[in-house]
Amino acid sequence: MYRLEAGPDEWIDRSAPLPFVFEGKQYQGYRGDTISSALAASGVPYLGRSFKYHRRRHILSFANHDCNTLFQVDGVPNVRGDVTLVSEGMRASAVNTFGGLVEDRARLLDRLARWLPVGFYYKAFHTKRLFPRWERMFRTLTGLGAVSLDAARRTTPKRYGFCDVLVVGGGPSGLSAARAAAAAGARVALIDESLRLGASGIGLHDGEQRATRALIESVNGSPAISVCSATVAAAYYADHWIALADATRLTKMRAKAVVLATGVIEQPAVFRNNDLPGVMLASAASSLLLRYRVAPGLRVVVVAGNLEGYRAALGLHWQSVRIAAVVDLRADLTAEDAAAAAECAAAGMAVYRSHAPYEAIAGADGVVVALDVAPLAAGERGEAAGRIDTGKLRRIDCDCILMSVGWAAAANLLLQAGGTMRFSDALQQFIPSSLPAGIFASGRLNGVYDFEARVADGARAGSAAASHAGFGSASGADIVRAARCPSHAFPIVDHPQAKNFVDFDEDLQVKDLENAAQEGFDSSELLKRYSTVGMGPSQGKHSNMNALRVLARHRGVGVERLGLTTSRPMYHPVPLKLLAGRSFNAERRTPVDAEHERLGAVWMPAGNWRRPEYYAVSGETRTQSIEAEVAAVRGSAGLIDVGTLGKIEIHGPQAGLFLDRVYTGRFSDLKVGMTRYGLMLDESGVIIDDGVIARMSADMFYFTTTTGGSATVFRELQRWNALWGLDCALVNVTGHRAAFNFAGPLSRELLQPLTDADLGEAGFPFLGVRTGRVAGVPARLLRVGFVGELGYEIHVPASDAGHVWRALHAAGLPRGSRPFGVEAQRVLRLEKAHFIVGQDTDGLTDPFEANASWAVNMQKPFFVGQRSLRILKTRGPRQTLVGIELPDPARMPKECHLVIEQGAIAGRITSVAYSRTLNKVIGLAMLSPELARTGGDLDIRGERGEILKARIAATPFYDPKNARQRPVAAA
Amino acid sequence: MKIMVCPLNGPRPVSEFAYGGEVRRSPDPDTCTDAEWSSYVFNRSGSPGVKYEWWCHIASGFWFVALRDTARDIVLETVPAEAARRGLPPERAP
Amino acid sequence: MFTHHESLKPAYDVVIIGAGGHGLAAAYYLARDHGIRNVAVLEKGYIGGGNTGRNTTIIRSNYLTPEGVKFYDESVRLWQDLGQDFDLNLFYSTRGHYTLAHTDSAMRTMRWRAEVNKHFGVRSEAVDAAFVRRGIPGIDMSCGGHAPILGALFHAPGAIARHDAVAWGYGRGADRRGVEIHQQTEVTGIRVQGGRVVGVDTTRGSLATPRVLCAVAGFTPRILDMVHLKTPIYVHPLQAMVSEPVKPWLDPIIVSGSLHVYVSQSARGELVMGASLDPYELHQTRSTLDFVEGLSSHMLDLFPFLSEVKVNRQWAGLSDMTPDFAPIMGVTPVEGFFLDAGWGTWGFKATPVCGKTMSHTVATGHNHPLIEGFTMDRFARYQLTGEKGAASVGH
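If you read the sequences in order, they're chains A, B and C.
For what it's worth, our numbering labels the leading residue of the first sequence as 178, then goes sequentially.
For what it's worth, our numbering labels the leading residue of the second sequence as 9, then goes sequentially.
For what it's worth, our numbering labels the leading residue of the third sequence as 36, then goes sequentially.
So this is what it looks like as structure tokens:
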């Protein structure tokens, strides 16, 4: 290959040379060159090594449809060289080589190919002894590009797009469809993979080029059409939601109708050594020449199975490329074919009809130097291929072989959208059979090949799409499919020495597929999975069709009898960075988050909130701080932010009845001004949440849920409310209110000056609720018992939270009050043996097992979970929650260490902590009911398998009579 | 993203909704057998077909019932949640 | 590898519905260990075309409940020799498995699982952050800054294997022993008389049989309708995706309980990735964009250097879920109808032990001891298993 002089409409800018490095050597391209075109122009003989056999490879499709030209570029793996622009100073190398592209040590595998048949992976080295070593070697050999663990994360913002009609494909029919839809009044988005519009319309045919350019101009001039070039429509999702990927971002496009003008993918011919450097598709040569002014070779042979083969030969010839010969697989030519053949002959090309390419011959550097062809006697009726007369081989010298034997429909998006395809014998390609509402197909995808017909087909599809989107009416024109056959029925030539590749990504030869089918993997899906055909990075774009033909021949059926394998996103692979975008992660903070920060909070996650685990004080270790916080609550006062709790109001005459139904306790008889603990179950009787319910008035209750449960509980309560239709309404005020617990023997004394509510025991008893002002702010005050001291849970509007917190904090400071965090609270509540839902209970714990029967009122007419509890009561508990204690903090079990009884698991520790208040280790455990005897001994298996002795203790551990929670104020 | 039409808010991306499972009719807890009750609690109509389901538009807290074809992923109609209380008409594609 | 049978026989001793890994494994052990060879496996699509060919190939036994641990441990034991038994390389590769914990409560659960595992001799440990950092080079311990890793459950026996190959291995082994595998043969009805199975109707004709084993995963409710059985099974899609192949950099299998994602690197170098179950019931294996977006974002949280690695393909399977994340196996109220279902997101690893236990159950008519915790009637008895804490992702 070599660079020609400048041509019209070339895509390169010769005034901007770009030096770059490939495989350690300096090269130069121009701005606009892709990596492959620059290397081809520089005459580099081969650009890569194949996956399995490490055979030398060069450009094949030049359209991002194959993996011959994957490069590692500046640390990025698997860069598609055919479509990636060269940049100044770029450093690129081939992927999957051992010692570089030229010296690749793994090239030895090509010689071993005979012993590496398909399915080899499944039949060798699978003993337990050999496999680990073999696997290590195998894993090193597989994998294409390399990742670097040091590469930085890239974030790319995403974008949303909206249009009435989305047209995928900027070739002649796509351009025409966009134009027609816009003319009907629709907003159109036109997507094309390439940097410029035109696709196959800008080829070697002058007339078609001119017409296509006119279409492009018309599209560019239309304000109703947005053009997204260099953009891949990677996937179709429900309701016309299409993922568009370009170099820098993902666009999520919603359309009302979609026209798929995605065209067809040129297919290779299959013959021995069809993968040599210098063997490529005719369309690749056309693009290379027109866009980058790179000639494919000095002496070119065209292997043709259709009219386009002759046209390619002529087109290249007129661009001053020497075409030595055209080798036509077919015996019967149409008049058009014959005329073109005659033209070729007149231009000095040797034309061989009814000949097959038999073997490509490589020269010293691996590049093709000749093609052996053989006469092809017409096959008998029912034979897929003709019979080759190997006695009459003829060698044609060449340095380039172009293949023009046909196409496969680029139907991936159509199939993803739920459309179906059927095989057209006349066209030897799959064409659309059924299309879901809002999806339209046009052009060669639709089996329409004649240029004028493609433009007309695009207009038909565009107007139909616009009409579907509510603009204008469909033209109702007919689809005019090609009269001639554009694709050869069986461009596959057998060879006793194989190396006739069907899948270039996976290095699969014809015999590999035949052997797989022979083994019984003879449906298209099984063939794919066993042989891995179509499973490489190009996902079968130029191998699926030939694989089907081989399978069909093996089974003696027509291709139409075989199904297509499932089409899935992505059409071309999309980088994780585009799909991830900027990654938003919601984090919730309470209104006094800044106060905690100021006070030295050490944070811990609680759901998607963050809460202070404890407050770090200089000179104290973590353990000391937590113990000091506990001591403050027990000895003077402590202040904790409980604002993450769910907070709900329920209003209405039947609010109490509603609560009776959703909680296990009775609330309709709760006095105004009092609170009660609430336990919530699901319909199977399992504990799902708990909280405190306060009756603010006859018709209004204010209640809390756990932090983790607030959203789901609220939602579920809304559902019950919708279903039952009681006269009440729920309001979620979780985010509206802050909540603090100010607890300790001095709490009443310290709080009274800050509030107008009367905190006297008689007027505001334990478990009561009052409204008033705290630090001037309207508040609800609840006397709750979670930490087991006199205390007040103060709920205020979020906007005033900081002020109230600071006032409480300042009031307590002189008397030894400390803010306390989640860890201290865990110890405090453990000293009172209060269980935590989700820690001491699990996904199967019912109230009987949690020792919470006292919270359950079975006499109520109905509550959620009640009927199941009746069943559970008769069954008896499978486990029961007990208190435990151990004497020595140096020998303390961890949560979830197991209780072992006679060698079997009899339970586990659910909570455990050292209590300085009580000077012993205390905990809760779920235990087999037979063992749950107060005073009984337990064996707990610790960290290193040692047995720790514990005793079952009565609970609460601290202040069993709850006297601390309801002291009378000093006179 | 798949579009779900909320009776209150109109067409919204399906990620804005919470799925509440199939609508199940509770037997009378006071008169049914234990077996009937546990079947109500645990068993489901797992086959594909047209069924009533609970859906909630999360941001507005609005629950409704959708009659959805669970094989084709098409909502055939939506009804207010109260309809589930009265008893829904038999599941049939209209 | 598989004999082609022109037509169905008029009668079989056992009919297995579903030629996935489970069904074929049962057929294999029926023939090999119980001498029952007059068996037909009926498959409406192609062998292994259901969840067997769609799962993310993770094999482990680090479950939470004693019945689960014993069951899956037996499976891991059987996996070791399977390739050799089949004379077929299953690419069974022991890699080590990390279930990352990002919160205290997650660490607690990891310790619980580790303790139960160790009690039964299964090698699992609750490990700290330092261990995780050493064992997983390149991992971002802060998880994108929003979910720091505190530790993990490390399970040394965690492994991956080539999923289809298991079905082929069992299938060939069964085929060689006289079992008939009929593809493209859909069961349209099951004939029951007097409370016992007498025959099966299919798209290729009817046959008589006294024993039917249903092993069809996401299609289970449809088959159960044929025998008028109800279960808690509900079906949601489970999606997965795979990257282009890259050189090996990830040895162990990584699961994050908080991010609800998991990843392993196959022998071919592809990253095989998954996340949680789709949120609503659907009997379609369609893909969604938000799945791929969310999973990609979390992948980069864990491994930020993967930005330029490309997603090649995404797909889905149908998961037959149960409320306690444990399967439903064994005899049913219909005599002669046996069920192997409720495999949700946890079925592939159990392929060998399901084959063993279900073949025993079908051959003897009594539940194998290892599956006694998984009976269909446990829900009526409110005896659910406690496995929800051990499913890697999915709820």
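Where is the CB? At the ideal position from N, CA and C, for every residue including glycine.
In its chain, beyond the 5 residues on either side, Ala412 have a beta carbon closer than 6 Å to the beta carbon of Pro746 (chain A). If you ignore the 5 residues before and after Ser460 (chain A), its C-beta comes within less than 6 Å of the C-beta of Glu443, all in its own chain and listed in chain order.
The three-state reading of DSSP puts Thr246 (chain A) in coil, since its state is none of H, G, I, E or B. DSSP places Ala523 (chain A) within a helical segment (H, G or I) once states are collapsed to three. Annotated as distal: Arg1118 (chain A) and Glu343 (chain C), with beta-carbon spacing of 8 Å or more. Residues of the same chain with a CB within less than 7 Å of the CB of Val214 (chain C), apart from the 5 flanking positions on each side, are Ala62, Ala66, Arg72, Val74, Val76 in chain order. Sorting A:Arg637, A:Leu437, A:Leu959 by C-alpha distance to the C-alpha of His972 (chain A) places A:Leu959 at the top. Put simply, the CB of Met356 (chain C) is far from chain A, with every gap to its CB atoms at 8 Å or more.
CA-to-CA, the gap between Ala351 (chain C) and Leu419 (chain C) works out to about 28 Å. Annotation: Cβ neighbours of His154 (chain C) in chain A (cutoff 7 Å, chain order): Leu1075, Ile1082. Classified as exposed, Thr223 (chain C) has fewer than 16 neighbouring CB atoms from the shown chains inside 10 Å of its CB. In chain order, Pro267, Ile268, Tyr269 make up the part of chain C whose C-beta sits under 7 Å from the C-beta of Arg52 (chain B). Excluding residues up to 5 positions away in sequence, nothing lies with its Cβ nearer than 8 Å to the Cβ of Ala415 (chain A) in the same chain.
In summary, no residue of the region 383–400 of chain C has a CB separated from any CB of chain B by less than 9 Å. By the CB criterion at 8 Å, Glu1008 (chain A) and Pro1133 (chain A) fall inside the cutoff. Assignment of Thr129 (chain C) by DSSP, reduced to helix, strand and coil, places it in the strand class. Asp505 (chain A) and Val342 (chain A) have their C-alpha atoms some 42 Å from each other. Non-local beta-carbon contacts of Ala1029 (chain A) in its own chain, meaning distances under 7 Å to residues more than five positions away in sequence, involve Leu856 in chain order. Counting along the chain, Gln115 (chain C) sits inside no beta strand (DSSP E); it lies in the alpha helix (DSSP H) bounded by residues 101–121. In the structure shown, Met747 (chain A) adopts coil according to DSSP, grouped into three states.
Glu312 (chain A) and Val345 (chain A) have their C-alpha atoms spaced approximately 43 Å apart. Scanning A:Tyr337, A:Gly375, A:Arg336, A:Gly362 for the CA closest to the CA of Leu352 (chain A) turns up A:Gly375. The three-state reading of DSSP puts Ile803 (chain A) in helix, counting H, G and I together.
Take the alpha-carbon of Phe409 (chain C) and the one of Arg1141 (chain A): they are about 49 Å apart. Bridge partners of Arg950 (chain A) according to DSSP: A:Pro955. A distance of 8 Å or more separates the beta carbons of Ala675 (chain A) and Leu728 (chain A). By the Cβ neighbour-count rule, Asn86 (chain C) is buried, with 16 or more other Cβ atoms within 10 Å of its own. Check the Cα spacing between Tyr27 (chain B) and each of B:Ala74, B:Ser46, B:Leu84: the tightest is with B:Ala74. Look at the region 340–375 of chain A and you find these whole runs of alpha helix (DSSP H), each 4 residues long or longer: 349–360.
About 6 Å separates the beta carbons of Met334 (chain C) and Leu753 (chain A), which is inside the 8 Å limit, making them a contact pair. Counting only residues of its own chain and dropping the five nearest sequence neighbours on each side, Pro334 (chain A) has a CB closer than 7 Å to the CB of Arg426, Gly758, Arg759. The C-alpha of Trp584 (chain A) lies about 10 Å from the C-alpha of Ala666 (chain A).
When the beta-carbon positions are compared, Ala501 (chain A) and Ala462 (chain A) stay at least 8 Å from each other.
For the options A:Phe1012, A:Val1098, A:Val471, A:Asp859, the alpha carbon positioned closest to that of Gly1042 (chain A) is the one of A:Asp859. In the same chain as Ser219 (chain A), and ignoring 5 residues on each side of it, the C-beta atoms closer than 6 Å to its own belong to Tyr204, in chain order. In this structure the region 232–251 of chain C does not touch the region 280–289 of chain A; the number of beta carbon pairs closer than 8 Å is below three.
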